[in-house]
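Top to bottom, those sequences are chains A and B.
This note's numbering numbers the first residue of the first sequence as 1 and each following residue consecutively.
This note's numbering numbers the first residue of the second sequence as 1001 and each following residue consecutively.
From the three backbone atoms N, C-alpha and C, an ideal C-beta is built for every residue, glycine too.
For reference, the structure is listed below as C-alpha cells.
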Amino acid sequence: MTAIKKFPLAVLALVMTFTVADATAQCRTFTKKRCLPQLEDYVQNDNYNTAVLIPGDEAELELTFFGDRAYRLLVCGHPVLGDLSFQVLDSRGNGIYDSADKESDHFDFRVANTQQMTIRVQVPQTDAVIQHEGCVSIMVGSKG
Amino acid sequence: MKLKHDRFTLSLRLATWMALPMMFFFVGCGETPEAPAASSTTETAMDEEGMMPARRQKAFKKIFHAVPSPIETALLLERSGIRFDAGALHSLDNASGYATTDLQSVNLGIYAGDLSYSVIFNQNQQSVDYLNTCRRLCDGLGVGDIISADLIDRANNNRDIRDSLVDIVTETFYALNGRFRENGMEEVSGLMAAGGWIEGVYLGTRNLNSSTDDLKLRIAEQKMTLENLMGLLRSYTPTAALTDMMTALGPVEAAFAGVTITENAAAATAAEDGTVVISGGPEVNYDEATLTAISESIAAVRNQYAK
C-alpha cells in the first residue's frame, strides 16, 4: 500500500527531473544551431552560460577580458522572448556599453588592459496571457 | 478507511492525468535530430529549439560564473613569448590511476590545459595523445561519448591545422560543460574548470627567470581570473570535493594577495578603423617575490592533484 501511495509522487518526480534535464538538452541544441555560428571566426570560450528564462528575468555574467585581445560578446535568445537588451559594466559598475539603441545581439570590442567586466542581460516583460520560456545564452569569443 | 482509500484513488488519478500529458509534451521536446520537413510546422520547430510555455511566473536573476578557457590561457601564454616546455606537462601514464570522480574531474581539467597548450604550440602528435587521455577520463566520468572515436579521427586528420584543432577542443569542452549541467554534475564541471585554471598558471610560471615582462604581467593578472574561479566554485552546492579544492587554493590566493590592483574607470572609444576599444580599467602592480610565491603555491596545488 505504501509503495502504491508513493507511485504518483514518484511519477511526478521522474517527470520533473526529466523535464529539467530535457530543457537543458534543448538549450544545448538551440545554442549549437542558432548561437554558435554567430561567433564566426572568434574562438569560443568553453563555459556553458545558458539558462531557460522567462519575461522579466535578468542574467549576469562576470568575466575577465585580457588586454590587447579582440572579443565578440553575443547575447542569443529564443525569438519568443523578444528583443533581449544587455549592458557591459566595468569593475566599478559603470556602464560602458548598452545594446538598447544598437539593434544588434552582439558587441565586438578590443580591450586595452586586462579587466573584469560584467554583462547584464534583461528579458523584456510581456502582456501576453500565456507566457513562454526560452533559452538564453551569453557567449564570448576571442581572437587576435 | 474507505474515505482514505477514495482520497488515495483520487490523488492517484489526478496525478496520473497531470503527469501523462506532461510526459507526452516533454518527450516531444527532447534533443532530437531535426524533424522531417513534411511534418514540422513553425510552432513545432520552435518548440524543439528552446521554447515552451513558462513553468514559473516569478522572474529571477541568473548569475553565471565563468573562467577563461584553457585554450584562451594557452593563447595568452604563446603571445607572451613563452617557450613550449614538454617537461612541464602532466604525464599521460598517470591518467589510468585516478579512481575517484574528484581526481578524474580535476585531472581532466589539468589534461585539458596540457591539450590546449600542445595544440597552440603545434605539438600535433602530443595534442592527439592528450585528447585520447581526456577521452579515457571522460569514460570514467560517464561522458565518454562526447569524445568519440570519430572525434579522435577528426583530430587526427586535422592534426596539422591548428585552427581546426582549436575548434575541436573548444567545441568538445563546451559540450562537456553542457552535459555536466544536464546531468546535474556541476561539481565535476567546477573541478574541471579549477584543474584547467591551475594547469594554465602552472605552465605559465615554470620558467619565470627567463620570462618576458609581458608574461609576468599576464601571470599577475590571473588574480582576476582566480576571483572568477572562486566565484564559480562557491556558486555550487558545497561538497567535500569543492571545499577541498577551495582550501587547496587558499595558499594560491594568499600568494596573489601580493598583486595590487587599482581600480580605475573604463571607457569605450572608437578607434580609427571603427573598432571599439575599451581602455582604462585596473592598474596591476606586482614584484618578483610575489611571482615566485605564485609559482611555488600553484606548483604545490597542481602536484597535490596530479600525482
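Query	Result
Within 10 angstroms of its Cβ, does B/Gln1304 collect 16 or more other Cβ (buried), or is it exposed?	exposed
What are the start and end residues of each continuous beta strand (DSSP E) run of 3 or more residues lying completely inside the segment 95-135 of chain A, in chain order?	95-98, 106-111, 115-122
Just tell me which of A/Leu84, A/Tyr97, A/Lys143 has its CA closest to the CA of B/Ala1313.	A question about residue 1313 of chain B goes unanswered here, because the residues of chain B that appear run from 1001 up to 1307.
Would you decide whether B/Asp1114 is buried or exposed? Buried here means 16 or more other CB atoms lie within 10 Å of its CB.	buried
Count the other C-beta atoms from every protein chain shown that fall within 10 angstroms of the C-beta of A/Pro124, then say buried if there are 16 or more, exposed otherwise.	exposed
How many Å lie between B/Gln1057 and A/Ile54 at the Cα?	8 Å
At 4 residues or longer, what runs of the alpha helix (DSSP H) sit wholly inside the segment 1086-1126 of chain B?	1101-1120
Please report how far the alpha carbon of B/Leu1151 lies from the alpha carbon of B/Tyr1286, in whole angstroms.	42 Å
Measure the C-alpha to C-alpha separation of B/Asp1273 and A/Gly144 and round it to an integer number of angstroms.	15 Å
What does the alpha-carbon distance come out to for the pair A/Gly77 and A/Thr29?	13 Å
Our contact map puts B/Thr1101 next to B/Val1166 with C-beta atoms below 8 Å; I'd like the distance itself, whole angstroms only.	Not a contact, Cβ separation roughly 28 Å.
What is the DSSP secondary structure of B/Asn1156, counted as helix, strand or coil?	helix
I'd like to confirm the pairing. Which residues does DSSP put opposite A/Val75 in its beta bridges?	A/Ile138
Going along the chain, which residues of the segment 42-66 of chain A sit with their C-beta nearer than 9 Å to a C-beta in chain B?	Val43, Gln44, Asn45, Asp46, Asn47, Tyr48, Asn49, Thr50, Ala51, Val52, Leu53, Ile54, Pro55, Gly56, Asp57, Glu58, Ala59, Glu60, Leu61, Glu62, Leu63, Thr64, Phe65, Phe66
Counting only C-beta atoms, is A/Phe109 closer than 8 Å to chain B at any point?	yes
Determine which residues of the segment 79-99 of chain A have a Cβ less than 7 Å from any Cβ of chain B, and write them out in chain order.	Val80, Asp90, Ser91, Arg92, Asn94, Ile96, Tyr97
Is B/Ala1193 near B/Leu1229, with beta carbons less than 8 Å apart?	yes
Using DSSP bridges, identify the partner residues of A/Cys88.	First, the residue type needs correcting, since residue 88 of chain A is Val and not Cys in the sequence shown. Per DSSP, A/Tyr97, A/Ile119.
DSSP three-state label for B/Pro1053, please.	strand
Using 10 angstroms around the beta-carbon of B/Ser1039, count the other beta-carbons present and answer buried if the total reaches 16, otherwise exposed.	A caution first: B/Ser1039 carries a pLDDT of 29, below 50, which makes its placement in the model too unreliable to give a value.
A/Gln115 versus chain B: which residues are under 7 Å apart at the beta carbon?	Ala1266, Gly1281, Pro1282
Taking A/Ala112 as the reference, give the member of B/Ser1235, B/Ala1265, B/Ile1298 with the closest Cα.	B/Ala1265
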